[in-house]
Amino acid sequence: MTDFRIGELRVDGADTEARNHSSEEDNEDWIKPLIHQSQGAKEFAYCPYRCNVENASYNLGLCAERTAIAKAVSGGYRSFKAIAIASDLEDQFISPCGGCRQFMREFGDHWSVYLSKPDGSYKEMTIEDLLPVSFGPEDLKKKRLFTTKNGS
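Using my numbering, the first residue of the sequence shown is number 17, and each one after it goes up by one.
Pasting the structure below:
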């Protein structure tokens, strides 16, 4: 799949082992455009260092990861295979905050997360790598041992 319109996080899956990649390596055709698009999305930021929408009341801000997923969900998408996280930091990869990890987990734990640097190098991880032993929607469907007085 090579259709990378903003809001659509559609790419092929990957294994669960985190790996570092340089921009010179032979990559799948879709990874470089996905990372390039995530780097370009920073131009629309309401802050100088990420594509967050920030607020004076910090907990009311919205990270770029949640914004991208919410936009895709509002367009009808419910299943994701990958997301690329962009940074201007040259010496390290950045990863999603805990809130974004849990938000992404809502849509499964095996999709790929590409942590990228400005030079195009990236580290490949999965939601499961970033949020091990996580709680997800399937946990709400499990049989409960105890119930309340009203039966729930």
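Ideal Cβ placement from N, Cα and C applies to all residues, glycine included.
Tell me, to the nearest whole angstrom, how far the beta carbon of residue i is from that of residue j; I am working on the premise that it is less than 8 Å.
i	j	result
I51	G136	6 Å
P112	L146	7 Å
Thinking C-beta only, is residue j closer than 8 Å to residue i?
i	j	result
K97	S132	no
E81	I101	yes
P134	D104	yes
I110	G124	no
Should residue i be labelled buried (16 or more other beta-carbon atoms within 10 Å of its own) or exposed?
i	result
K165	exposed
S54	buried
A86	exposed
L161	exposed
L76	exposed
C79	buried
E44	exposed
C116	buried
T18	Note that T18 has pLDDT 37, beneath the 50 cutoff, so the model's placement of it is unreliable and the number below is only indicative. Counting Cβ neighbours within 10 Å, T18 comes out exposed, since fewer than 16 surround it.
E140	buried
K159	exposed
I'd like to know if residue i contacts chain D, where contact means its C-beta is closer than 8 Å to some C-beta of that chain.
i	result
S150	Although the question refers to chain D, the structure presented lacks it and comprises just one protein chain.
Checklist entry - Which residue spans inside the stretch 81–135 form an unbroken beta strand (DSSP E) run of at least 3? => result 98–101 and 128–132
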